[in-house]
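Under this note's numbering, the sequence shown has 145 at position 120, and the numbering climbs by one with no breaks. Beta carbons are placed, not taken as given, at the ideal position from N, Cα and C, and that holds for glycine. Here the structure is laid out as structure tokens; the discussion comes afterwards.
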Amino acid sequence: MAYVTVPKDLSKVKSKIAFNLTRRQLICFGVGAMIGVPLYYLTRNVVGTTNAATLMVLVMLPAFFFAMYEKDGLYLEVILKNIVRVKIQRPGIRRYMTNNRYASENKWQEKTQMPVKGGRNDDRHTKK
């Protein structure tokens, strides 16, 4: 008898539409192909076949990343949006600066040269 593994969390299971790809992946690959293939045909006579193919791959690569990359259930555009929000729109500015009272007290003691209270300064209790 054949056994089939069933995942415990069914929310991570994604429905495949065609070629074992999800709808999101099909859309992203289609957008990449619609941009990359015409670019190749328009530039292969100008810059050569190899350079045009390299340019096509470089232009199609972001669409591939948007289709395939997923970390912790977040897609690439969500991760990039969060990075922009944290680094650019709302940068972490420390608004309040605390005053270290002990540092200012130590500076004051150094300036006034107050004697240390307690203890003896003589050598009666030290071993020789």
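Taking 3 residues as the minimum length, the stretch 66-141 contains no beta strand (DSSP E) run wholly inside it.
The Cβ-Cβ distance between Arg126 and Ala92 does not fall below 9 Å. Distance from the CA atom of Arg69 to the CA atom of Val29, rounded to whole angstroms, is 49 Å. If you draw a straight line from the Cα of Ala58 to the Cα of Ala27, it comes to about 40 Å.
Counting only the Cα atoms, Met81 lies some 10 Å from Thr75.
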